[in-house]
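Top line first, the protein sequences correspond to chains A and B. Just so you know, we're using the working numbering here: the first sequence kicks off at 4 and counts up by one. Just so you know, we're using the working numbering here: the second sequence kicks off at 840 and counts up by one. Note that beta-carbon positions come from the ideal geometry of N, C-alpha and C, so glycine has one too. Here the structure comes first, spelled out in structure tokens, and everything after it is commentary.
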Amino acid sequence: MNHIPEIIRTISLEQYLLLSAILFFIGLLGVLVRKNIIIVFMCIEIMLNAVNLMMVATSAYRGDSAGQIMVLFTMAVAAAEVSVGLAIIVMIYKNLKTTNIDLFSQMKG
Amino acid sequence: MDKIFYIISALTIMCALMVVVSKHPIRSVLFLVGTFFLISAQYILLNAQFLALVNIVVYAGAIMVLFLFVIMFLNLNREIEHIKSWIPATAATIASGSLLLIFLSAFKSTLLEKPEVSDYQIGLVENIGEVLYRDYLFPMEICSVLFLVAMIGVVLLNRKENESPRKIVLP
């Protein structure tokens, strides 16, 4: 029997779920409220990290490493998404000279 | 130990809120770096040392530097957005708040029994690496293809299009 980490003995899994739900809420709020597209991107990162935290907590409490592997893949997808997204933002800024998402409506086809 | 958890959680929520509230994008980036470091601290508490390291290296080290570079490159630090109306903000708060309530009620109705587990060392580097290269080898290779496609996409997106076409010299 391995040594059980003290946090798993004292803190219940529900508190981690609550924390990740609150972080997801904050990220969603930022996506809906803010107008600057770069900050919207950062709030998407907060939402991804909330999900990551939930997966790590669940996998640590259950002793199953699949959740932590999924977190690695989430990070890979997030890195690819950020690189392509920032390239698109730079290209839009070159054309429109703004990062306000309200003014992107002229992109509709 | 539980006090450490509560302090780190409160700091994480505060930093994440400051990301949304801050007017300047650079301050948002710095608070986001703080959020990532605090989430890494949670990973260390959960005995997932490898993911804590990867989180700091990938997110705080690479992605945030990219964000900061783009903000400096576009010179956005003086652009302050003006919130014209409170109606969209209120609607967004109500919408995301109801999603939070849905999450909480779903978590409450879920039965979470503590399983009898013998292995709490899964987060260490050697165990994660063993599982990654034994059971998840194919998705891991697909990830490298994903990065290659993303890299090609970035290069294609930022290519100059108004260049004069090259002259083809026929032999």
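Exposed unless 16 or more other CB atoms sit within 10 angstroms - verdict on A/R37 = Burial of A/R37 is indicated by the presence of at least 16 other C-beta atoms within 10 angstroms of its C-beta.
message = I want to verify the contact list: residues of chain A whose CB lies under 7 angstroms from the CB of B/Y882, in sequence order.
response = Chain A residues near B/Y882: V59.
key: Other residues of its chain near A/I92: CB distance less than 8 angstroms, five sequence neighbours each side excluded   = Hits under 8 angstroms: I40, I41, F44, T102.
The stretch 851-864 of chain B touching the stretch 931-942 of chain B, judged by at least three CB pairs closer than 8 angstroms = The stretch 851-864 of chain B is not in contact with the stretch 931-942 of chain B.
ask   = With C-beta atoms as the reference, is A/F76 less than 9 angstroms away from A/I95?
value = No, these two residues do not count as a Cβ contact at 9 angstroms.
Residues that DSSP places opposite A/N103 in a beta bridge = The secondary-structure analysis by DSSP pairs A/N103 across a beta bridge with A/N39.
ask   = How would you list, in chain order, the residues of chain A whose beta-carbon sits under 7 angstroms from the beta-carbon of B/I846?
value = Result: empty, since nearest Cβ-Cβ is about 12 angstroms, beyond 7 angstroms.
query = Just the Cα atoms here: how many angstroms apart are B/Q960 and B/N886?
reply = C-alpha separation (whole angstroms): 7 angstroms.
query = So, are the CB atoms of B/L985 and A/V80 less than 9 angstroms apart?
reply = It is a contact, given that the beta carbons lie within the stated cut-off.
request  = Could you check which residue in B/V993, B/L907, B/H863 has the C-alpha nearest to that of A/A90?
outcome  = The shortest Cα separation from A/A90 among B/V993, B/L907, B/H863 belongs to B/V993.
key: Chain-ordered residues of the stretch 862-880 of chain B with a beta carbon less than 8 angstroms from chain A   = Answer in chain order: P864, S867, V868, L871, T874, F875, I878.
inquiry  = I want to know whether the stretch 883-898 of chain B touches the stretch 58-71 of chain A - three or more CB-CB distances under 8 angstroms.
reply    = In short, these stretches touch, since the Cβ pair count reaches three.
message = Tell me the rounded alpha-carbon separation between A/L51 and B/V1008.
response = Approximately 51 angstroms, taken between the alpha carbons.
query = If we ignore side chains and look at the alpha-carbon of each, how far apart do A/G30 and A/I47 end up?
reply = Distance between the alpha carbons of A/G30 and A/I47: 6 angstroms.
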